[in-house]
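Number of protein chains: 2
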Amino acid sequence: MSDEKRYHHGDLRRALLEAAEAELAERGIEAFSLRAVAKRAGVSHAAPAHHFGDANGLLTALAAHGFRQFLEAQAAREAKATPDPSAQLVAAGLGYVDFALQRPALFRLLWGSNRPDFADADLSRAAEDAYRHLVEQVSAAGGRTVADESAMWAVAHGLADLLSAGRLKAIGSFPDDTRDAVLTDIFSRFLPRPQ
Amino acid sequence: MSDEKRYHHGDLRRALLEAAEAELAERGIEAFSLRAVAKRAGVSHAAPAHHFGDANGLLTALAAHGFRQFLEAQAAREAKATPDPSAQLVAAGLGYVDFALQRPALFRLLWGSNRPDFADADLSRAAEDAYRHLVEQVSAAGGRTVADESAMWAVAHGLADLLSAGRLKAIGSFPDDTRDAVLTDIFSRFLPRPQ
DNA sequence: TGTATGTCTTGTCATTGTCAAGATCATATT
DNA sequence: AATATGATCTTGACAATGACAAGACATACA
Numbered sequence: 020m021s022d023e024k025r026y027h028h029g030d031l032r033r034a035l036l037e038a039a040e041a042e043l044a045e046r047g048i049e050a051f052s053l054r055a056v057a058k059r060a061g062v063s064h065a066a067p068a069h070h071f072g073d074a075n076g077l078l079t080a081l082a083a084h085g086f087r088q089f090l091e092a093q094a095a096r097e098a099k100a101t102p103d104p105s106a107q108l109v110a111a112g113l114g115y116v117d118f119a120l121q122r123p124a125l126f127r128l129l130w131g132s133n134r135p136d137f138a139d140a141d142l143s144r145a146a147e148d149a150y151r152h153l154v155e156q157v158s159a160a161g162g163r164t165v166a167d168e169s170a171m172w173a174v175a176h177g178l179a180d181l182l183s184a185g186r187l188k189a190i191g192s193f194p195d196d197t198r199d200a201v202l203t204d205i206f207s208r209f210l211p212r213p214q
Numbered sequence: 020m021s022d023e024k025r026y027h028h029g030d031l032r033r034a035l036l037e038a039a040e041a042e043l044a045e046r047g048i049e050a051f052s053l054r055a056v057a058k059r060a061g062v063s064h065a066a067p068a069h070h071f072g073d074a075n076g077l078l079t080a081l082a083a084h085g086f087r088q089f090l091e092a093q094a095a096r097e098a099k100a101t102p103d104p105s106a107q108l109v110a111a112g113l114g115y116v117d118f119a120l121q122r123p124a125l126f127r128l129l130w131g132s133n134r135p136d137f138a139d140a141d142l143s144r145a146a147e148d149a150y151r152h153l154v155e156q157v158s159a160a161g162g163r164t165v166a167d168e169s170a171m172w173a174v175a176h177g178l179a180d181l182l183s184a185g186r187l188k189a190i191g192s193f194p195d196d197t198r199d200a201v202l203t204d205i206f207s208r209f210l211p212r213p214q
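So the protein sequences, as listed, match chains A and B.
Here the numbering used here is used: the first residue of the first sequence is 20, the next is one more, and so on.
Here the numbering used here is used: the first residue of the second sequence is 20, the next is one more, and so on.
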């Protein structure tokens, strides 16, 4: 049988990352346990060490993966939007919120935890890619200043963070399409204005 | 001597809250340890239990205190601003960011942790007071819709969260008065427009 | 075939949160 | 003043956790 218990897992690194995200989603980052991840992946409690060093190393790898999925969520919205720069920027903002709502625990790992090592080469590259995408979108939409960038980033991030934490109950209780309409309205206020 | 070691502390509850905030600031919420708090306050590791139940109980009480200080930070800015509603709203936003920059660990406890029990009566009241203040400010400045409220809250929250986490390096590296000017510019974009 | 390297397990230790039991103190009542 | 009652704090214990060391097992390669 292919699922026979073997001494060598074969793809343990990937299995541990999947188990870690599942644990994160179920128990939250504050109750995250390396041993629980190992148990879920069906290996001994010390197995993760060889692949990730320590618990923070595993969370660092998971965060890098998370930032790439974060960009994918934005790209998915952008693909559905009209190609003009303003619509693309709004779409990126909607994707930012989508990710936060669909994977709240991962979102919190990326933006609200200091357990990942952001000096790690892979993670810092993934995080910078996300930042660069934002800057490019704002710039294409006519943004020129630090205030233009920061305003758009802040409003998208604030909405994503508050919504995923369940604090913005007004918007959070809307059906999806209504929520999108309100969010689009809000993002539009921050678009760099053509002069 | 007044600082003699007594069996009964006398004001242990307050001392533990202060020790907890200091520990939070020094080691971060992810390394928060109840025993370290007790040691810092000079009592045994089990002493906090009687006053707060468990570790989350202590963090709940600290969060309630934190929300009140959060409102004080906004009030401090409002007192220095002109009394017109728009200026008051911008001042509240600046106070929001002040608090996040001055007490980043506490800010994260309030907005990015699920360890505090938000069903706790004292904490939920303190958190609702903060929310009510925001709604009133937005309303006084002419805001009428859910989008008006959410936009202002989100931009203030996003700026505060990103700045306190050190992610908004552009603005974060500015001297205080320059930063205030940029933030004021950004907040002004979200002010409800007189129609 | 034999050896080196990589992968995983078992066992151990210090630290942590929580609970139980007991010691000490403060206060009210008589 | 003496005592009782309850609040406050300590000591000791336990299970869970992250990290480390040593060894077992498997694969790659000569």
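Ideal Cβ positions, reconstructed from N, Cα and C, are used throughout, including at glycine.
Since we're looking at a predicted model, the values are computed, not measured.
What Arg-134/A touches in chain B, judged by beta-carbon distance under 8 Å, is Glu-49, going in chain order. In the structure shown, the three-state DSSP call for Asp-30/A is coil.
For the segment 81-101 of chain A, there are no residues whose beta carbon sits under 7 Å from a beta carbon of chain B.
Of Gly-191/A, Gly-162/A, Pro-104/A, Leu-90/A, the smallest CA-CA separation from His-152/A is found for Leu-90/A.
Short of 8 Å from the beta carbon of Val-56/A, and not among the five residues preceding or following it, lie these beta carbons of its own chain, in chain order: Leu-35, Ala-38, Ala-39, Glu-42, Pro-67, Leu-77. Within 10 angstroms of the beta-carbon of His-69/B lie fewer than 16 other beta-carbons, which makes it exposed. With contacts defined by Cβ atoms closer than 7 Å, Ala-110/A and Arg-87/A do not form a contacting pair. When C-beta atoms of the segment 203-211 of chain A are compared with those of the segment 160-175 of chain A, three or more pairs fall below 8 Å, so the two segments count as touching. In terms of beta-carbon proximity, Val-201/B lines the interface with chain A, with at least one pair separated by less than 7 Å. For Phe-209/B, the residues of chain A that pass the 9 Å Cβ criterion are Ala-170, Val-174, Ile-205, Arg-208, Phe-209, in the order they occur in the chain. Only buried fits Gln-107/A, as 16 or more other CB atoms lie within 10 angstroms of its CB.
Arg-122/B is classed as buried because its beta carbon has at least 16 other beta carbons within 10 Å across all chains shown. One finds Ser-169, Trp-172, Ala-173 in chain B with Cβ atoms closer than 8 Å to the Cβ of Leu-187/A, taken in chain order. Put simply, the backbone Cα of Gly-114/B is about 30 Å away from that of Ala-160/A. Contact between Ala-83/A and Asp-141/A holds: CB atoms are separated by about 5 Å, below the 8 Å threshold.
Cβ atoms of Gly-191/A and Leu-129/A stay farther apart than 8 Å, at about 20 Å.
Residues of chain A with a Cβ closer than 8 Å to the Cβ of Asp-180/B are, in chain order, Trp-130, Gly-131, His-176, Gly-177, Asp-180. For Ala-179/B, the enclosing alpha helix (DSSP H) begins and ends at 165-183. Within chain A, the residues whose beta carbon sits less than 7 Å from that of Ala-166/B are Val-201, Asp-204, Ile-205, listed in sequence order. Under a criterion of Cβ atoms nearer than 7 Å, the residues of chain A adjacent to Arg-127/B are, in order, Gly-131. Residue range 195-209 is occupied by the alpha helix (DSSP H) that includes Ile-205/A. When the beta-carbon positions are compared, Leu-53/A and Ala-80/A stay at least 7 Å from each other.
Closest in alpha carbon position to Phe-126/A, among Gly-131/B, Phe-126/B, Ala-138/B, is Gly-131/B. Annotation for Leu-187/A: no alpha helix (DSSP H) segment contains it, and DSSP assigns it neither H nor E. Contact between the segment 162-172 of chain B and the segment 178-189 of chain A is present: 3 or more CB-CB pairs across the two stretches fall below 8 Å.
By the Cβ-count criterion, Phe-137/A is exposed, with fewer than 16 other Cβ atoms from all chains shown falling within 10 Å of its own Cβ.
For Val-154/A, the CB contacts under 8 Å within the same chain, skipping 5 residues up- and downstream, are Glu-168 in chain order. Sequence-distant partners of Asp-204/A (beyond 5 residues in either direction) whose C-beta falls short of 8 Å from its own C-beta are missing from its chain. Looking only at Arg-32/B, Leu-187/B, Gly-72/B, the smallest Cα-Cα distance to Gly-61/B is reached by Arg-32/B. Look at Ser-52/B here: in three-state DSSP terms it is coil, with no helix or strand label. Within the model, the alpha-carbon separation for Leu-187/B versus Pro-104/B is close to 28 Å.
By the neighbour-count criterion, in which 16 or more other beta carbons inside 10 Å mark a residue as buried, Pro-194/B falls on the exposed side. Per DSSP, Thr-79/B is one residue of the alpha helix (DSSP H) stretching across 74-99. A straight-line Cα-Cα distance of about 15 Å links Gly-72/B and Ser-63/B.
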